[in-house]
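Asks:
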Amino acid sequence: MQKLDDWNILDNKITPFMIPAEKVAHVHPDNTLEHALLVLIKSGYTAIPVLDTSFKLHGLISKAQILDSILGLERIEPERLQNTKVDGVMTSSLACINDSDTFERALSYSINHPFVCVENSDGEFMGIITRSKLLAYLNGYLHESRKKT
Ligand code: AMP
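Take any residue in the sequence shown, note its place counting from 1, add 665, and you have its number in the numbering used here.
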């Protein structure tokens, strides 16, 4: 870990905490809900980004949204999984920051979001920052600070 005297944690850049785009499980807007549900179940994640073929961010899709979309009046209607596309169900309201943003900004977004998406200045998706990574880092930092006092 970097020496505590050298910097203020809140002003630190976020790129060291980022899971890079190539390691982020994602689906395309025109994938079926069935495919998205398979990716979500196999990866074990609650929600994943929706990216197009040029890695532009379109939204997020979650298990809860997919299950909600197949709820009929009397029964669950699994046949809808094959007939519905991800872009008909995903949310486009998401937490997104720039790759030049600070730890402070990522931390404040992560209060309400389990992960925050990161884009560069050209609007390309660069990766995600998870709340757990930020908290683990903050925890380490606070322990180090305590040892010093
Ligand atoms: P974690 O803090 O590792 O439990 O991750 C919190 C949430 O971030 C997960 O439930 C997913 O929605 C998302 N997430 C974490 N890692 C990845 C990944 N490699 N690909 C896609 N989504 C991820």
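Built from N, CA and C at the ideal position, the CB exists for glycine as well.
Here's the rule I'm using: 16 or more other beta-carbon atoms within 10 Å means buried, otherwise exposed. How should ALA701 be labelled?
Replies: Locating residue 701 in the sequence shown gives position 36, where the first residue counts as 1. It is buried - the Cβ of ALA701 has at least 16 other Cβ atoms within 10 Å.
Asks: With a Cβ-Cβ cutoff of 8 Å, do ALA760 and HIS778 count as a contact?
Replies: One-based indexing of the sequence shown puts residue 760 at position 95. One-based indexing of the sequence shown puts residue 778 at position 113. Yes; because the gap between Cβ atoms is below 8 Å, this pair is in contact.
Asks: Would ASP787 and PRO694 be called neighbours here (beta carbons separated by less than 8 Å)?
Replies: Looking up residue 787 in the sequence shown gives position 122. Looking up residue 694 in the sequence shown gives position 29. Cβ atoms of ASP787 and PRO694: not closer than 8 Å.
Asks: Going along the chain, which residues of its own chain have a beta-carbon closer than 7 Å to the beta-carbon of VAL704, five neighbours each way excluded?
Replies: Start at 1 with the first residue of the sequence shown, and residue 704 comes out as number 39. Same-chain partners within the cutoff: ALA690, VAL692 and ILE713.
Asks: Measuring only from the beta carbon, is PHE682 closer than 7 Å to any heavy atom that is part of ligand 1?
Replies: By 1-based counting over the sequence shown, the position of residue 682 is 17. Checking the Cβ of PHE682 against ligand 1 gives no.
Asks: LEU807: buried (16+ other C-beta within 10 angstroms of its C-beta) or exposed?
Replies: By one-based count along the sequence shown, residue 807 stands at place 142. Counting Cβ neighbours within 10 Å, LEU807 comes out exposed, since fewer than 16 surround it.
Asks: Any residue with its Cβ nearer than 7 Å to a heavy atom of ligand 1 should be included. What is that list in chain order?
Replies: Chain-ordered list of matching residues: ILE684, LYS688, VAL689, ALA690, HIS691, SER708, TYR710, THR711, ALA712, ILE713, PRO714, PRO779, PHE780, ILE793, THR795, ARG796, SER797 and LYS798.
Asks: Within 10 angstroms of its Cβ, does GLY709 collect 16 or more other Cβ (buried), or is it exposed?
Replies: Within the sequence shown, numbered from 1, the residue matching residue 709 stands at position 44. Its Cβ having fewer than 16 others within 10 Å, GLY709 is exposed.
Asks: Just reading off the alpha helix (DSSP H) that ASN763 is part of, what are its end residues?
Replies: Looking up residue 763 in the sequence shown gives position 98. Here ASN763 belongs to no alpha helix (DSSP H); instead the beta strand (DSSP E) covers 761 to 763.
Asks: With DSSP collapsed to three states, give me the class of PHE682.
Replies: In the sequence shown, residue 682 corresponds to position 17, counting from 1. If DSSP states are grouped into helix, strand and coil, PHE682 belongs with the helices.
Asks: How many angstroms separate the CA atom of SER775 from the CA atom of VAL781?
Replies: Sequence index remark: in the sequence shown, residue 775 carries index 110 (1-based). Sequence index remark: in the sequence shown, residue 781 carries index 116 (1-based). One C-alpha to the other measures close to 6 Å.
Asks: Taking just the CA atoms, how far does GLY805 sit from GLN747?
Replies: Counted from its first residue, the sequence shown places residue 747 at position 82. Counted from its first residue, the sequence shown places residue 805 at position 140. Cα to Cα, the separation comes out at about 45 Å.
Asks: Please report the straight-line C-alpha distance between SER758 and ILE726, rounded to a whole angstrom.
Replies: Position 93 of the sequence shown, counting from 1, holds the residue named residue 758. Position 61 of the sequence shown, counting from 1, holds the residue named residue 726. Computed Cα separation, rounded: 11 Å.
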